[in-house]
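Residue numbers (the numbering used here): 54 to 217. Beta carbons: idealized from backbone N, C-alpha and C, even for Gly. Owing to the predicted nature of the structure, the values given are computational and were not obtained by experimental measurement.
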Amino acid sequence: MASGASGTETARRRRRTTVALKESLRELRNQLSLLNHQVGGRLKLKDVDLDCLELISTGGPLSPSALARRAGLHPATVTGILDRLQRGGWVVRERDPAAADRRAVTVRAVPGRTQELFRVYGGMNSAMDDLCAGYTEDELMLIAGFLRRTAEAGRAATEELSGE
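Below, the structure written as structure tokens:
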């Protein structure tokens, strides 16, 4: 009977820890959202523009329809976002010579502009460097793996909600 009670207490502790972890992730999401809002304000970008620019920078070049799928946005919404990003000099649209449809375009980030993003995020990057310095390599690998799997769970949930 003692082992059953011990197992129950272990399960309760695990649930409390899992709840605390989820709460920390929600707080992190909120703080990063606030940071991104401030960064967007400094760069004259809407939050969604900044999100799409990140998707293009990390996964591009992309077709507008591929960006719409990845962002979970309606294609017409993405057209407006790309218009703003292009006017601001953040992206360029180029004809896709490999496409069967000669009207097909791809969107790529303008390389020189990413330095401006890094500059505005400089404070957060420095804080992250300081934070990471307090962990061992093995701990950082564990945290990085957890965050990658968390991001993948978020992508899957986004795709499910967007109807894919």
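Classification of residue i by the beta-carbon crowding that lies within 10 angstroms, buried from 16 upward
| i | result |
| --- | --- |
| V144 | buried |
| V72 | exposed |
| R123 | buried |
| L138 | buried |
| C105 | buried |
| T159 | buried |
| A186 | exposed |
| M54 | The predicted model places M54 with a pLDDT of 49, which falls under 50 and marks its position as unreliable, so this point remains unresolved. |
| L135 | buried |
| L184 | exposed |
| G193 | In the sequence as displayed, the identity of residue 193 is Leu instead of Gly. By the 10 Å Cβ count, L193 comes out exposed. |
Anticipated Cβ contact below 8 Å, residue i with residue j, distance rounded
| i | j | result |
| --- | --- | --- |
| D102 | N89 | Rounded, the Cβ-Cβ distance is 10 Å, inconsistent with contact. |
| C151 | S116 | Here residue 151 turns out to be Ala, not Cys, going by the sequence shown. That pair is no contact at about 11 Å. |
| P114 | A121 | P114 to A121, Cβ: 15 Å. No contact. |
| T203 | L78 | 7 Å |
| S215 | G93 | Actually they do not touch by this definition, with Cβ atoms about 22 Å apart. |
Endpoints, the alpha helix (DSSP H) within which residue i is located
| i | result |
| --- | --- |
| T203 | 190–214 |
| R137 | 128–140 |
| V101 | 100–112 |
| L115 | Unbroken run through L115: none, as it is neither H nor E. |
| G176 | 175–185 |
Residue interval of the beta strand (DSSP E) (run including residue i)
| i | result |
| --- | --- |
| R166 | Per DSSP, R166 belongs to no beta strand (DSSP E) and is neither H nor E. |
| R146 | 144–148 |
Given residue i as reference, the closest of the options once Cα atoms are compared
| i | options | result |
| --- | --- | --- |
| E147 | L200, S86, R161 | R161 |
| L96 | T70, E62, G141 | G141 |
| V173 | D191, Q91, L195, A209 | Q91 |
| G165 | T211, S110, L74, M194 | S110 |
| E107 | L170, T61, T132, E205 | L170 |
| I196 | E213, M181, A210 | M181 |
| L200 | R66, R68, L81 | L81 |
| S86 | T167, A119, M177, D191 | M177 |
| G207 | A119, K75, G60 | K75 |
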